[in-house]
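Novice: Residue numbers (my numbering), protein chains in the order written: chain A, 1202 to 1290; chain B, 22 to 327. The beta-carbon is built from N, C-alpha and C at its ideal position, and this holds for glycine as well. Owing to the predicted nature of the structure, the values given are computational and were not obtained by experimental measurement. Next up is a structure, given as structure tokens.
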Amino acid sequence: MRQKKGFVLRNVCGDNVIVGEGLEQINFNKLLTLNDTATFLWNETGKGEFTIESLVEALTEQYDVDPDVATTDVKRTLDRWLELGLIEN
Amino acid sequence: MATIIDFNQIKVNNPRVEDFCIAGFVVRLVMNEETKVWNQLDQYKPFVIAHSPENKPLFTMSVVEKENWSKGENYVEEYRQKEQNMEIAAGYVDGYRCYMFVLDGYATCRVIANKDFSQVIVLLTNYELYGLNNAMMLTYAFATASRQTVLFHSSVTVLDDYAYMFLGKSGTGKSTHSQLWLKNFQGAHLLNDDNPVMRVEDGRGYVYGTPWSGKTPCYRNLRYPIGALVQLKQAPYNKITRLTPLKAYSYMLPSISGIRWDKTLSEGIHETENWIASNLPVFYLECLPDDDAARLSHSEIVVKEK
Chain A
1202 MRQKKGFVLR NVCGDNVIVG EGLEQINFNK LLTLNDTATF LWNETGKGEF TIESLVEALT
1262 EQYDVDPDVA TTDVKRTLDR WLELGLIEN
Chain B
22 MATIIDFNQI KVNNPRVEDF CIAGFVVRLV MNEETKVWNQ LDQYKPFVIA HSPENKPLFT
82 MSVVEKENWS KGENYVEEYR QKEQNMEIAA GYVDGYRCYM FVLDGYATCR VIANKDFSQV
142 IVLLTNYELY GLNNAMMLTY AFATASRQTV LFHSSVTVLD DYAYMFLGKS GTGKSTHSQL
202 WLKNFQGAHL LNDDNPVMRV EDGRGYVYGT PWSGKTPCYR NLRYPIGALV QLKQAPYNKI
262 TRLTPLKAYS YMLPSISGIR WDKTLSEGIH ETENWIASNL PVFYLECLPD DDAARLSHSE
322 IVVKEK
């Protein structure tokens, strides 16, 4: 999977938020706030192609978290992002 | 790749030059003296300043004749958006940004801009005044994006030396709400009904009247500190709430003109919008088009002098 073009992470009034920018996402009139874990995952997915496994690995390296819990978290986050069109297969 | 568009050699026949000062920025218009649009530019009159070589224009807009228009090669369209009978298209030609406006199916103007939007070449094709105004507004939005300045879609009413900006989609009742303020509160007056300019200066937010005011001829060359912004939404009742900064930012997004075309433009607009959302009071007003709505918003948002 990979991020779609035209989304950037910004600090909006103290929150981490994904906004649509550039001509590709001109009609993305939403803001998506991210918690710390989601922010970490977004930055990871911005590095290039990724899989659920690669993200779980990165997450468990960064945080002291059980792999099963991490997998659930990653899956839930990616489902949401897929649904919103932030990432693609 | 050799380009055939040369911004150092723009040719306008029989040129007349006029400088305008819009929200503190000088905008220069160069156009054939014979062009009949010159007679339709009353809305720009309050903004005219003496033309002088010392004026440092934010941008110079050269309206050229068809024979001097080099439309360039390799136009690549990247963006097209239709809203009712209006359409805007944007892309690149020979590596330069190019944008155009269509009204009722007729192309009204084409614009080619240099890299920093300091020079733009315009061809007016139909509905010349409409074309010129839109070319001006979008170029202004681009050229000021990194200067803590944004062109807002808003109706602005002034009361006791503070400006109140009413925002909302077309048809929401921004103008109506302004009119209700004028009717209900003595001393209230309209600053602009459609496209004011908002700037952050010395840590304060100001709003300026502009030559662009939609259907209402209200072209005032004045500046006021902003008292509050109010996002309007039609409802079968009247209710007002203050928005958190994040919500304020998200509600304001569609009201800010310009295209977030690239990183520089996006970041410039974001910085200004973020400043507004973090520093100015922004409210959400669900309302009817009645006097009570105006009284309610007035009671909540007016700046109480210390």
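Exposed or buried, what is B:Arg-225 when buried is set at 16 or more other beta-carbons lying within 10 Å of its beta-carbon?
Specialist: The residue is exposed, with fewer than 16 neighbouring Cβ atoms inside 10 Å.
Novice: For B:Ala-23, count the other beta carbons within 10 Å of its own beta carbon; 16 or more makes it buried, fewer makes it exposed. Which is it?
Specialist: Note that B:Ala-23 has pLDDT 42, beneath the 50 cutoff, so the model's placement of it is unreliable and the number below is only indicative. Answer is exposed; the Cβ neighbour count stays below 16.
Novice: Tell me the DSSP secondary structure of B:Asp-313 in three-state form.
Specialist: Note: B:Asp-313 maps to helix in three-state DSSP.
Novice: Compare the C-beta of A:Arg-1203 against all C-beta atoms of chain B and say whether one is closer than 8 Å.
Specialist: No, A:Arg-1203 lies away from the interface with chain B (no Cβ there is under 8 Å from its Cβ).
Novice: Would you say B:His-174 lies against chain A (beta-carbon separation less than 8 Å)?
Specialist: By this cut-off, B:His-174 is not an interface position.
Novice: Going by the DSSP bridge assignment, what does B:Gln-102 pair with across the sheet?
Specialist: B:Ile-109, per the DSSP bridge assignment.
Novice: Please go through the same chain and pick out, in chain order, the residues whose beta-carbon is closer than 6 Å to the beta-carbon of B:Pro-36, but skip the five residues on each side of it.
Specialist: Once the five neighbours on either side are set aside, the close Cβ partners of B:Pro-36 are Val-51.
Novice: Cα-Cα, which of B:Cys-42, B:Thr-237 and B:Arg-49 is closest to B:Thr-81?
Specialist: Taking only the C-alpha atoms, the option nearest B:Thr-81 is B:Arg-49.
Novice: For chain A, find out if any of its Cβ atoms is closer than 8 Å to the Cβ of B:Tyr-270; answer yes or no.
Specialist: So yes, B:Tyr-270 belongs to the interface.
Novice: So A:Leu-1287 contacts chain B; which residues on that side make the cut at Cβ distance below 8 Å?
Specialist: Near A:Leu-1287 there are no residues of chain B at all, since even the closest Cβ is about 16 Å away, more than 8 Å.
Novice: With C-beta atoms as the reference, is B:Val-303 less than 8 Å away from B:Leu-274?
Specialist: Not a contact, by the Cβ cut-off of 8 Å.
Novice: Using only the alpha-carbon positions, how far apart do B:Thr-165 and B:Leu-145 sit?
Specialist: Using only the alpha carbons, I get a separation of about 23 Å.
Novice: With a threshold of 16 other CB atoms inside 10 Å of the CB of A:Ile-1253, please say whether the residue is buried or exposed.
Specialist: The residue is exposed, with fewer than 16 neighbouring Cβ atoms inside 10 Å.
Novice: Give the range of the beta strand (DSSP E) segment to which A:Asp-1216 is assigned.
Specialist: Element bounds for A:Asp-1216: 1216–1221.
Novice: Identify which residue in B:Thr-170, B:Asn-300 and B:Lys-195 has its Cα closest to the Cα of B:Leu-212.
Specialist: Comparing Cα-Cα distances from B:Leu-212 to each of B:Thr-170, B:Asn-300 and B:Lys-195, the minimum goes to B:Lys-195.
Novice: Our contact map puts B:Met-219 next to B:Phe-173 with C-beta atoms below 8 Å; I'd like the distance itself, whole angstroms only.
Specialist: Confirmed, Cβ separation roughly 5 Å.
Novice: In its own chain, which residues sit with a C-beta less than 8 Å from the C-beta of B:Gly-208, not counting the 5 before and 5 after it?
Specialist: Answer for B:Gly-208: Leu-180 and Asp-181, listed in chain order.
Novice: How many angstroms separate the CA atom of A:Asp-1265 from the CA atom of B:Lys-190?
Specialist: When rounded, the distance between both Cα atoms is 47 Å.
Novice: Can you tell me which of B:Glu-39, B:His-291, B:Glu-54 and B:Leu-309 puts its alpha carbon nearest to the alpha carbon of B:Arg-168?
Specialist: Per the Cα distances, B:His-291.
Novice: Given B:Val-221, which residues of its chain have a CB within under 7 Å of its CB, disregarding the five upstream and five downstream residues?
Specialist: Answer for B:Val-221: Gln-169, Thr-293 and Trp-296, listed in chain order.
Novice: Kindly say whether A:Arg-1281, judged by its beta-carbon, lies nearer than 8 Å to any beta-carbon of chain B.
Specialist: Cβ-Cβ to chain B under 8 Å: no for A:Arg-1281.
Novice: Do the region 253–269 of chain B and the region 226–235 of chain B meet, that is, are 3 or more Cβ pairs less than 8 Å apart?
Specialist: These segments do not touch.
Novice: Of the choices B:Asp-223, B:Asn-300, B:Asn-53 and B:Ile-277, whose alpha-carbon is the least far from that of B:Leu-188?
Specialist: Cα-wise, what sits closest to B:Leu-188 is B:Ile-277.
Novice: Is B:Arg-281 close to chain A? Criterion is C-beta to C-beta, closer than 8 Å.
Specialist: Yes, contact with chain A.
Novice: Evaluate contact between the region 116–131 of chain B and the region 310–326 of chain B, counting only Cβ atoms and requiring at least three cross-stretch pairs below 8 Å.
Specialist: Contact fails: fewer than three Cβ-Cβ distances are below 8 Å.
Novice: Output, in chain order, the set of chain B residues within a Cβ distance shorter than 7 Å of A:Glu-1222.
Specialist: In chain order: Arg-281 and Ser-287.
Novice: Count the other CB atoms, across all protein chains shown, that sit within 10 Å of the CB of B:Asn-216; report buried if there are 16 or more and exposed otherwise.
Specialist: With 16 or more Cβ atoms within 10 Å of its Cβ, B:Asn-216 is classed as buried.
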